[in-house]
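Undergrad: Could you have a look at this structure, given as structure tokens, before my questions?
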Amino acid sequence: MDQNIIQLTGDQKAKLHQLKQSVYIEAQKLLRDDLIQKYTDQAQLIRLLVAKDWKLDEAWEQWNRWVEWRKQYKADDIKIQEIKKELDMNKTFWNGQDKLGNPCLVIKARRHFPGQSDPDTLIRYMLYMIDIGIERAEQAGTGKITIIWDREGVTSKNFDSSMFKIIKRMVTLVQDNYAERLHQAYILYPNFLYKTVMTVVKPFLSERTKQKIILCNEFKDLYPYFGNDFIISDGIGDEQIQQLQDSLQDEQQIQSFIQQQLLQE
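Okay, here's the thing in structure tokens:
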């Protein structure tokens with residue numbers, strides 16, 4: 001959301017001023033000096049107020065929850081090495097933009113395999129990617145991102161029971177803590193697994209978030225939002241992904257063998 005587009009009323013300006021004063025005082029208590037500007041940014045505070053329909057108390061509470069969970073997941077201190085497996089598999093990647101200029105994040109469901117990473121690592125990986133997207137959105141001048149959850153080629157090999165927990169946590173984190181950052185979420189090739197996931201996740205979605213979800217049964221359903229020449233590609237083929245998967249499995253087997261030998265000593 002570009003704060004320069006919003007014309008604030010006198011009452012809204014007063015609420016923004018109150019929130020700015022409160023969060024600045026609290027930020028000095030909770031955060032490192034190098035993070036204070038990020039967490040007291042006026043555009044972010046406006047997003048919080050808009051998301052909470054300009055209810056000052058709710059925006060204040062949401063700001064505190066935002067700071068708390070980012071500290072919990074150490075979102076400002078994510079190291080590349082910590083999420084290297086996810087990055088190597090290119091489970092998500094930035095892929096052009098929609099017609100409005102919003103950067104597009106593609107999530108390749110078929111590139112996730114059970115047991116590769118623990119839930120916290122996956123969540124930190126997603127936070128890392130979203131933060132990159134926010135920087136791109138700011139550079140583009142839209143302040144928002146678009147997400148495509150691409151389920152093409154998903155099989156039972158990709159099914160991970162822990163994903164229900166991960167998706168539920170991610171949905172809650174994104175809708176509560178990236179206020180007004182999501183423009184639209186497109187579910188490409190939804191199937192029975194998607195419906196199963198949504199049965200679990202839907203109760204946690206706000207009405208505002210539900211309205212942003214669009215189902216696309218065919219690729220051409222994306223064209224009205226991205227243009228007829230839109231493609232999804234990161235230059236990595238299925239064969240390369242399988243090779244990466246095989247190497248990760250070999251690494252896990254070696255680590256398991258070493259642990260067993262250590263226990264026997």
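Just so we're aligned, residue 1 is where the sequence shown starts under UniProt numbering, counting upward by one. Even for Gly, the Cβ is constructed at its ideal location relative to N, Cα and C.
#1: Going along the chain, which residues of its own chain have a beta-carbon closer than 7 Å to the beta-carbon of Phe93, five neighbours each way excluded?
#2: To the nearest angstrom, report how far apart Ile6 and Lys13 are at their CA atoms.
#3: Which residue comes first and which comes last in the alpha helix (DSSP H) that contains Val197?
#4: Give the secondary structure of Pro114 by DSSP, where H, G and I count as helix, E and B as strand, and everything else as coil.
#5: Taking Phe164 and Leu193 to be in contact with their CB atoms under 8 Å, please state how far apart those CB atoms are, rounded to whole angstroms.
#6: Trp69 to Phe113, Cα distance in whole Å?
#7: Please state whether DSSP places Lys91 in a helix, a strand or coil.
#8: Name the DSSP beta bridge partners of Thr146, please?
#9: Ordered along the chain, which non-local residues of its own chain (more than five positions away) have a Cβ less than 7 Å from that of Val171?
#10: Distance, Cα to Cα, Arg47 vs Glu180?
#11: Consult DSSP for Gln7 and reduce its assignment to one of helix, strand or coil.
#12: Mark Asp150 as exposed unless 16 or more other C-beta atoms lie within 10 angstroms of its C-beta, in which case mark it buried.
#13: For Leu215, does the three-state DSSP call read helix, strand or coil?
#14: May I ask you to check if the CB of Trp54 is nearer than 7 Å to at least one heavy atom of the ligand ZN?
#15: Does the beta-carbon of Ser162 have 16 or more other beta-carbons within 10 angstroms, so that it is buried, or is it exposed?
#16: Buried or exposed: which applies to Gly133, given that a residue is buried once 16 or more other Cβ atoms fall within 10 Å of its Cβ?
#17: Can you grab the Cα-Cα spacing for the pair Ile231 / Tyr24, in whole Å?
#18: Quick one: any contact between the stretch 69-80 and the stretch 208-222, if contact means 3 or more CB pairs under 8 Å?
#19: Once the 5 residues before and after Lys20 are set aside, which same chain residues still bring their CB inside 8 Å of it?
TA: According to the structure data:
#1: Val106, Asp234, listed in sequence order.
#2: 11 Å
#3: 192-201
#4: coil
#5: The Cβ separation is near 11 Å, so there is no contact.
#6: 26 Å
#7: If DSSP states are grouped into helix, strand and coil, Lys91 belongs with coil.
#8: Thr146 is bridged to Cys104, Gln184.
#9: Excluding positions up to five away in sequence, the list reads Val201, Phe204, Leu205.
#10: Rounded to whole angstroms, Arg47 to Glu180 spans 6 Å at the Cα level.
#11: coil
#12: buried
#13: DSSP, read as helix, strand or coil, puts Leu215 in strand.
#14: Looking at this structure, you won't find the ligand ZN or any other ligand, since it has none at all.
#15: exposed
#16: buried
#17: 43 Å
#18: no
#19: Thr40, Gln42, Leu45
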